[in-house]
Every structure is written in structure tokens, then in C-alpha cells.
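Asks: There's a structure below that I have some questions on.
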Amino acid sequence: MAGRLEGKVAIVTGAGSSSEGIGNGKATAILFAREGAKVLLVDMFEDRVAETAAIIAKEGGEASTYVADVTSAAECEQMVATAVDRYGRLDILDNNVGISIRADVTDVTEEQWDHIMNVNVKSIMLTSKFAVPVMKRNGGGAIINISSMAGMRANSSMPYTTSKAAVIGITVALAGDHGTDGIRVNCIAPGLIYGPMVAPRMDERLRGDRMHAAPLGTEGTGWDVGYAALFLASDEARWITGVTLPVDAGLLITTPVTYNSLDQQKY
Ligand SMILES: NC(=O)c1ccc[n+]([C@@H]2O[C@H](COP(=O)([O-])OP(=O)(O)OC[C@H]3O[C@@H](n4cnc5c(N)ncnc54)[C@H](O)[C@@H]3O)[C@@H](O)[C@H]2O)c1
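See the structure below:
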């Protein structure tokens, strides 16, 4: 049986993991390759993407690594050119790179603000700037931007929330501009995922609190984000563009502490 992405070429940015384990970008890259895509694995650190490439190779998939800083226009241009040189086309761009900092408006520095906006927002403008013309020549493509639940609700990180809200904005703008080019642009808003990005800052109590914060009460992983990206990248989502899909165990739809205590009182 043909894979869901058979014959397609994909770029996944941030395809490594910032600490041990399998994060959103790594899981997405592995799932894309499992479903038949040829994947360019992009990261700032060669050893991080080499790990992802080794997993894909072991499973018999096709992928190669490319080291780039996606805040650099020249490196983004070269990244897209490399995908086309190696694999002949580009169908899917998964903009997964993102960083977070904890700060409110009184303590964030100007340097921190510029850095997070560059990494989380400007990078998507740059990768898309070079990917869109190539996809347009193919007759279409799919772009998936990784936002966060923090882009929709406050999360004790004003710069992160602002940047992730902008990711939703750029999704809508690109989807509107390039729909007639056959390019679908969608967004994923992960909730309290347990993965390499947050694990180093977490103890067991906080991990449990995060797990029980949403109605499903189970722990989310990079695979949950990866499967959502796989769907949005595939032709199964051919009529879906401009949406933001929460992958959050229901975190967005309620305030669990209040909700659960009401339930216990049998209201
Ligand atoms: N883990 C969570 O709880 C959570 C929740 C909501 C949203 N997200 C979003 O998911 C995305 C990342 O998830 P992950 O699990 O893959 O994280 P991760 O930190 O494990 O991996 C991200 C990778 O991006 C790379 N990277 C960072 N800056 C880069 C740059 N300028 N150029 C190229 N590569 C760069 C890092 O080296 C790292 O390998 C981010 O956009 C993040 O905001 C995560």
C-alpha cells in the first residue's frame, strides 16, 4: 500500500531534539518518512539531525540532513535550493523551529524580544519566501506552522505568547495569499506536550500537573503533534487551509480546576 506522502518531498525545520527524547520536529520527520516522503532534516546542530536521520535510515526511509539557522535569509534560500537539488521538488514545509523564554513586559530585554521574534516568526516568513515559488511551480504544496496553545491563552511568557499568536497570523495571511497557487497553509497549536523542549525544566509534580490540566488527563508527546502534521501535509487535508488545530487534550475548551471541582460536587 502506498504511503500517505508517497512521492512527496518535505522540509522539517528543527528536526532534531534540544535534549534527549523525541520532540515535535523529530517525530514529524520520522512520520513523514514512514509515509513515503523524502525529508530534508534541518537544524542548527548537525548532531541533533544526524540522530533523526539515523532513526529514519534504520526504518528504511529516505532523509538527509542540512545544517541551517532559519533566521538567516541566505541559509533559508540555500535550504530550499538543497531540497530541490537533492530530491527534485518541494511539496511540504513544516516550520517547527521555536524557542521559549519566561518573561513579562517589565523584565523582558529588547535583545530577548528581538531574538524570540526572529526565531519564532521571522523564520517562517523567510522559509516560506523561498518555498512558495518552488511549490507554485509544482502546482501546489502544504505548509504547516507550529504555534502553541500559548498563542491563544496567556502562559506566563509574554514574548512567547506574542510570537506564537503571530504564527497564527502569518498562517492566515499565507493561506489567503497562496490558495489560488494550490498551496495550503495550516497551523498546529500544541498544548502541554512532554518532550525534549520542556523536560529539562520539569520535576515529577509539575509533569503530573501538566498532564491533569486538560480534560483528557493524559500526557501529550511529540508523536501527537507529528500525526496532526502528517494529516495536514497529506492530500487527505486537500480542502483545509488557514486553520489552527489545537493538539492539546482539550486544554483550550475549559478551565479544568473549576470544571473538575464542579463535577465532583455533582452540579
Ligand atoms: N514541547 C512543548 O510543550 C511545546 C508546546 C507548544 C508548542 N511547542 C512548539 O513546538 C516546536 C518545537 O518542538 P520540539 O519538540 O521539536 O522542540 P525541540 O526543542 O526538541 O527541537 C527544536 C529544534 O530546533 C532547533 N533550532 C532552534 N533554533 C533554530 C534555528 N534558528 N535554526 C534551525 N534550527 C533551530 C534546535 O536545535 C532543536 O533541535 C516549537 O515551535 C515550540 O514552540 C512545543
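Here the sequence shown stands for residues 362 to 628, numbered as in this note's numbering.
Using N, Cα and C, we set each Cβ at its ideal position, and we do this for glycine too.
It should be emphasised that the depicted structure is a prediction, and the values quoted were computed from it without experimental measurement.
1. Name the two residues that bound the continuous beta strand (DSSP E) containing GLU423.
2. Examine the Cβ distances between the stretch 502-511 and the stretch 534-552 and report whether three or more of them are shorter than 8 Å.
3. Can you find the residues in the same chain that come closer than 6 Å, C-beta to C-beta, to LEU401, ignoring five residues on each side of it along the sequence?
4. Roughly how far, in whole angstroms, is the beta-carbon of ALA464 from the beta-carbon of MET510, given that I think they are within contact range, below 8 Å?
5. Whose C-beta lies closer than 7 Å to the C-beta of LEU612 among residues of the same chain, with five residues either side of it excluded?
6. Go ahead and pull the three-state DSSP assignment for ASN481.
7. Quick check for students: name the residue ranges of the beta strand (DSSP E) that lie wholly in the stretch 445-522, counting only runs of 3 or more.
8. For VAL586, collect the residues of the same chain with a Cβ closer than 8 Å to its Cβ; drop the 5 residues on either side in sequence, then sort them by chain order.
9. For ILE416, does the three-state DSSP call read helix, strand or coil?
10. Less than 8 Å separating the beta-carbons of LEU487 and VAL431?
11. Looking only at its chain, what residues have a beta carbon closer than 8 Å to the beta carbon of ALA492, apart from the 5 residues adjacent to it on each side?
12. Considering only heavy atoms of ligand 1, does any lie closer than 7 Å to the CB of SER425?
13. May I have the straight-line CA-CA distance separating GLY368 from MET496, to the nearest angstrom?
14. How is LYS399 classed by DSSP in three states: helix, strand or coil?
15. What would DSSP say about ASP408, mapped onto helix, strand or coil?
16. Do MET558 and SER433 come within 8 Å of each other at the CB atom, strictly closer than that value?
17. Alpha carbon to alpha carbon, how far is ALA363 from ASP468? Give it in angstroms, no decimals.
18. Closer than 7 Å to a non-hydrogen atom of ligand 1 - does that hold for the CB of GLY583?
19. Determine the direct distance from the alpha carbon of ARG514 to that of TYR628, and round the result to whole angstroms.
20. Under 7 Å: does the beta carbon of VAL494 sit that close to some heavy atom of ligand 1?
21. First and last residue of the alpha helix (DSSP H) that includes VAL586?
22. Assign LEU392 to one of two classes, buried (16 or more other C-beta atoms within 10 Å of its C-beta) or exposed (fewer than that).
23. Assuming the contact rule is C-beta atoms closer than 8 Å, ALA536 and GLY603 should be a hit. Round their C-beta distance to whole Å, please.
24. Please go through the same chain and pick out, in chain order, the residues whose beta-carbon is closer than 6 Å to the beta-carbon of GLU436, but skip the five residues on each side of it.
25. Nearer than 7 Å: is that true of the beta carbon of VAL516 relative to any heavy atom of ligand 1?
26. In this structure, what does DSSP give as the bridge partners for GLY557?
Replies: Reading it off the structure:
1. 423-428
2. yes
3. ILE372, TYR427, ALA444
4. Contact flag wrong, Cβ pair sits at about 18 Å.
5. MET510, GLY552, LEU553, ALA574, ALA575
6. helix
7. 453-456, 502-507
8. For VAL586, where only same-chain residues beyond five positions count, the Cβ hits under 8 Å are ASN385, ALA388, THR389, ILE507, ILE549, PRO551, ILE554, VAL608.
9. DSSP places ILE416 in the helix class (H, G or I) of the three-state scheme.
10. Yes; because the gap between Cβ atoms is below 8 Å, this pair is in contact.
11. If you ignore the 5 residues before and after ALA492, its C-beta comes within less than 8 Å of the C-beta of ILE372, VAL441, LEU451, LEU454, GLY502, ILE504, all in its own chain and listed in chain order.
12. no
13. 14 Å
14. strand
15. ASP408: helix per DSSP, three-state reduction.
16. No.
17. 52 Å
18. yes
19. Only weak support exists for where TYR628 lies, its pLDDT of 40 falling under 50; the value from the coordinates is given anyway. TYR628 and ARG514: Cα-Cα distance of roughly 27 Å.
20. The sequence shown places Pro at residue 494, rather than the Val named in the question. No.
21. Boundaries of the alpha helix (DSSP H) around VAL586: 583-594.
22. buried
23. 3 Å
24. ALA429, ASP430
25. The identity of residue 516 in the sequence shown is Asn, whereas the question assumes Val. No heavy atom of ligand 1 is found nearer than 7 Å to the CB of ASN516.
26. Sequence check: residue 557 is Pro here, not Gly. BP columns for PRO557 are empty, so no partner.
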